[in-house]
Amino acid sequence: MTVSKREVIIIGGGPAGLAAAVKLKQLGIHDLLIIEREKELGGILRQCIHDGFGLTRFKEALSGPEYAQRFKEEVLKLGIDYITDTTVIEISADKQIIAASKEGLKTYQSKAIILTMGCRERTHGAISIPGARPAGVYTAGVAQAYMNLKNIAIGKKVVILGSGDIGLIMARRMTLEGAKVEAVFELQPYPSGLPRNIEQCLNDYSIPLFLSHTVTNIKGTSRLEGITVSQVDERFKPIPGTEKDYECDTLILSVGLIPENELSLLAGVELDERTKGPKVDENFQTSVKGIFAAGNVLHVHDLVDYVSLEAENLAQNVAIYLNNGELDHCSINIETDLNFGYTVPQHISAKKDFKVSMRVKKPYRNCRIDILQSGHIIKSIKMRKAIPAEMIQIPVKWHELKNFETLKVVVVND
Amino acid sequence: MIKEFTCIICPNGCDIEADIENGRVLFTEGEKCKRGITYIEQELINPQRNIATSIEVMGGHLPLASVRLTAPIPKDRIFDVMEEIKKIKIEAPVSIGQIIICDVLSLNSDVIATKEVNKAENFTVQ
Numbered sequence: 001m002t003v004s005k006r007e008v009i010i011i012g013g014g015p016a017g018l019a020a021a022v023k024l025k026q027l028g029i030h031d032l033l034i035i036e037r038e039k040e041l042g043g044i045l046r047q048c049i050h051d052g053f054g055l056t057r058f059k060e061a062l063s064g065p066e067y068a069q070r071f072k073e074e075v076l077k078l079g080i081d082y083i084t085d086t087t088v089i090e091i092s093a094d095k096q097i098i099a100a101s102k103e104g105l106k107t108y109q110s111k112a113i114i115l116t117m118g119c120r121e122r123t124h125g126a127i128s129i130p131g132a133r134p135a136g137v138y139t140a141g142v143a144q145a146y147m148n149l150k151n152i153a154i155g156k157k158v159v160i161l162g163s164g165d166i167g168l169i170m171a172r173r174m175t176l177e178g179a180k181v182e183a184v185f186e187l188q189p190y191p192s193g194l195p196r197n198i199e200q201c202l203n204d205y206s207i208p209l210f211l212s213h214t215v216t217n218i219k220g221t222s223r224l225e226g227i228t229v230s231q232v233d234e235r236f237k238p239i240p241g242t243e244k245d246y247e248c249d250t251l252i253l254s255v256g257l258i259p260e261n262e263l264s265l266l267a268g269v270e271l272d273e274r275t276k277g278p279k280v281d282e283n284f285q286t287s288v289k290g291i292f293a294a295g296n297v298l299h300v301h302d303l304v305d306y307v308s309l310e311a312e313n314l315a316q317n318v319a320i321y322l323n324n325g326e327l328d329h330c331s332i333n334i335e336t337d338l339n340f341g342y343t344v345p346q347h348i349s350a351k352k353d354f355k356v357s358m359r360v361k362k363p364y365r366n367c368r369i370d371i372l373q374s375g376h377i378i379k380s381i382k383m384r385k386a387i388p389a390e391m392i393q394i395p396v397k398w399h400e401l402k403n404f405e406t407l408k409v410v411v412v413n414d
Numbered sequence: 415m416i417k418e419f420t421c422i423i424c425p426n427g428c429d430i431e432a433d434i435e436n437g438r439v440l441f442t443e444g445e446k447c448k449r450g451i452t453y454i455e456q457e458l459i460n461p462q463r464n465i466a467t468s469i470e471v472m473g474g475h476l477p478l479a480s481v482r483l484t485a486p487i488p489k490d491r492i493f494d495v496m497e498e499i500k501k502i503k504i505e506a507p508v509s510i511g512q513i514i515i516c517d518v519l520s521l522n523s524d525v526i527a528t529k530e531v532n533k534a535e536n537f538t539v540q
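What follows is the structure, given as structure tokens:
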């Protein structure tokens, strides 16, 4: 079998992969290849036809396809190599890649691998709803692909479980197309999508949102006929006597995204149980030398603009890695209190500036986020509100660090 | 009267508390920028929204081209504009930014394509 050699191979041609490729090329790394499993570059942005992308990066409200196009045009202009319709099926710690396409298997040897595979949706099975299994139950992203890419109608009377952003966007999308969206039910006592999406996707169309509710029964034989919802207590247990029936032909699930790391595991990349993405250092290097990760494969972002930025930051470090053969050793851990879901990166070197990304587990008003080292506050920011729907990023300068001890990120009620 | 708003202009999604008397904003709190106040003032007079949908494409490598408006339209005209867009079928190729409906319903907003759709026969996978 012939082995093609490359300096860098990028797995996944979505927003993270495209931004990383463009930046690397601009930094003088020319021997690049993007491998994309779909027929076209752009990733999930291809089906996100609503506007609001690029507000921080381009200062205008673009649709997903337009945002992707800006990067695709750069890829074409810079002559960056890419192949589509090709699925990477195996990667190894010594950075060998096997990809499958209609022409058969191809093997590559790369000096660095960039993981930008994005995430997938939590499914029906993953949240174990009782009841029948008729047609008409979709995850929000699948419903979005059917409607916006394939021109397939979803249903006429819709209930949505989960208040994730894609579910909210689909509530509006289906309403515009003439469907009746009865309600959105969220298990948690707070919404998981962004406030502006609740405003412009639900409130604008008088779609009610019920917090602390879940679906407790699914009815129907071949097609979905109805569901039962119940209120839940603080331990998420359905409260007897609160059941309410809804007639519907469609149930949309928007119950969370999980970084897609089947390939990462094959290469022995260590995952963080909290993010379900790789553990990375300030350079976005995983536990395997020369394998890097950014975007939703690393941790689920709220905005694509931040995905692009993160991937560009990664690219700068990959360029240094390729030029110097290695990066600073990162042995200082970043830990959190129990109020945070996670931080990225998980390790730093204390030799350069870095940015900590995190999400709170529940909403806070007028709080403070402190970064501590050996019990001393080295950085503190005040926040009017901190909500689980929004990623928080705090830049830290290396000279702000006191020593080489573990960093701890905590949230304090002001 | 104190009213609460969630600004939809940018991803900050500021929660803004506004003191409103006879349709005029007297005092606001919570906005990170001035656009929040402009948003509230607009909400009080005539809420404006942008919409996105798709149109059918004939002879293209994709069955649909996504579209959006170049400027927001009054919220209560959204479904009227949807009706207008639904009437359209277009022949491939379609390019990004191509005007699909000029000045839709005289609302000072164009419907533009946001996705490139090539002619089916010209389409090659690179």
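Chain order of the listed sequences is Z and G. All residue numbers for the first sequence refer to this note's numbering, where the first residue is 1 and numbers rise by one. All residue numbers for the second sequence refer to this note's numbering, where the first residue is 415 and numbers rise by one. Don't be surprised by glycine CBs; every beta carbon is placed ideally from N, CA and C. Source: prediction; values computed, not measured.
Going by CA-CA distance only, name the one from the options that's closest to residue i.
i, options, result
"E455(G)", "T467(G), N436(G) and M472(G)", "N436(G)"
"Q144(Z)", "E177(Z), G118(Z), L211(Z) and D370(Z)", "E177(Z)"
"A506(G)", "H475(G), C421(G), I526(G) and K500(G)", "H475(G)"
"Q69(Z)", "Y146(Z), T286(Z) and G14(Z)", "G14(Z)"
"P345(Z)", "E335(Z), N339(Z) and K351(Z)", "E335(Z)"
"R365(Z)", "G325(Z), S357(Z), M383(Z) and V356(Z)", "M383(Z)"
"K59(Z)", "C424(G), I492(G) and E535(G)", "C424(G)"
"L519(G)", "A479(G), G511(G), E497(G) and G444(G)", "E497(G)"
"I97(Z)", "D370(Z), L263(Z) and H376(Z)", "L263(Z)"
"E73(Z)", "V471(G), I510(G), G473(G) and V481(G)", "I510(G)"
"I160(Z)", "I252(Z), S92(Z) and P278(Z)", "I252(Z)"
"L372(Z)", "E405(Z), Q393(Z) and D85(Z)", "E405(Z)"
"W398(Z)", "V142(Z), I392(Z), V409(Z) and K379(Z)", "K379(Z)"
"G162(Z)", "V142(Z), T56(Z) and Q188(Z)", "Q188(Z)"
"I207(Z)", "S308(Z), L194(Z) and A171(Z)", "A171(Z)"
"K102(Z)", "T87(Z), I91(Z) and K95(Z)", "T87(Z)"
"N413(Z)", "L265(Z), I89(Z), E36(Z) and N339(Z)", "N339(Z)"
I'd like the list of long-range same chain contacts for residue i, defined as Cβ closer than 8 Å, with 5 residues on each side in sequence excluded.
i, result
"K157(Z)", "A179, K180, E182, E247, C248, D249 and T250"
"D81(Z)", "L32, L33 and I34"
"V8(Z)", "L24, I29, D31, L32, L33, S110, K111, A112, I113, I114, V318 and L322"
"R6(Z)", "D31, L32, L33, Y108, Q109, S110 and K111"
"R491(G)", "L519 and L521"
"D494(G)", "L519"
Might you give, ordered along the chain, the residues of its own chain that have their beta carbon closer than 6 Å to the beta carbon of residue i, omitting 5 neighbours on each side?
i, result
"S523(G)", "L483, T484, A485 and I487"
"I348(Z)", "E282, C330, I332 and F354"
"T275(Z)", "H299 and Y342"
"H50(Z)", "I169"
"Y453(G)", "C421 and I423"
"Q540(G)", "For Q540(G), the predicted model reports a pLDDT of 41, less than 50, meaning its position is unreliable and no value from the coordinates is stated."
"P363(Z)", "Y190 and I387"
"D433(G)", "I416, L440 and F441"
"V410(Z)", "D337 and D370"
Determine the extent of the beta strand (DSSP E) in which residue i is found, giving its start and end residues.
i, result
"I10(Z)", "V3 to I11"
"Q109(Z)", "G104 to L115"
"V142(Z)", "Run containing V142(Z): none in the beta strand (DSSP E); it sits in the alpha helix (DSSP H), A140 to N148."
"Y246(Z)", "K244 to E247"
"Q393(Z)", "I392 to V396"
"V158(Z)", "K157 to L161"
"Y82(Z)", "D81 to I83"
"F441(G)", "R438 to E443"
"I91(Z)", "T87 to I91"
"E335(Z)", "I332 to T336"
"F340(Z)", "F340 to V344"
"C367(Z)", "Y364 to Q373"
"C119(Z)", "C119 to E121"
Leaving out the 5 sequence neighbours to the left and right, which residues in its chain are closer than 7 Å to residue i when beta-carbon positions are compared?
i, result
"E457(G)", "F419"
"Y67(Z)", "L45, F53, G54 and V304"
"T467(Z)", "Absent from the model: residue 467(Z). The displayed extent of chain Z is 1 to 414, so no value can be given."
"G473(G)", "E505, A506, K533 and A534"
Name the two residues that bound the continuous alpha helix (DSSP H) containing residue i.
i, result
"G450(G)", "R449 to I459"
"Y321(Z)", "V304 to N324"
"I169(Z)", "D165 to L176"
"K416(Z)", "Chain Z is shown from 1 up to 414; residue 416(Z) falls before or after that span and cannot be answered."
"L55(Z)", "Unbroken run through L55(Z): none, as it is neither H nor E."
"K72(Z)", "G64 to K77"
Quick check: does the Cβ of residue i come within less than 7 Å of any heavy atom belonging to the ligand FMN?
i, result
"D233(Z)", "Annotation note on the ligand FMN: not contained in the displayed structure, which lists no ligands."
Exercise. Go through the segment 462–532 of chain G residue by residue and report every complete run of the beta strand (DSSP E) that reaches 3 residues or more, in order.
Key: 466–472, 478–483, 503–505, 513–515 and 525–527
Practice problem: Pull out every residue of the segment 66–90 of chain Z whose Cβ sits closer than 8 Å to any Cβ of chain G, in chain order. | Solution: E66, Q69, Y82, I83, T84 and D85
Practice problem: Tell me the start and end of each unbroken alpha helix (DSSP H) in the segment 250–314 of chain Z that is at least 4 residues and wholly inside, in chain order. | Solution: 262–266
Quiz prompt | Positions along the segment 415–427 of chain G whose CB lies within less than 9 Å of some CB in chain Z | solution = The residues in question are F419, T420, C421, I422, I423, C424, P425, N426 and G427.
Quiz item: Could you give the uninterrupted runs of the beta strand (DSSP E) lying entirely in the segment 169–236 of chain Z, keeping only those of 3 residues or more?
Solution: Complete beta strand (DSSP E) runs here, min 3: 180–185, 213–220 and 224–231.
Quiz item: Got a sec: which bits of the segment 500–514 of chain G sit with their beta carbon under 8 Å from any beta carbon on chain Z, in order along the chain?
Solution: I510
Exercise. Give, in chain order, every residue of the segment 162–188 of chain Z whose Cβ lies closer than 7 Å to some Cβ of chain G.
Key: L176
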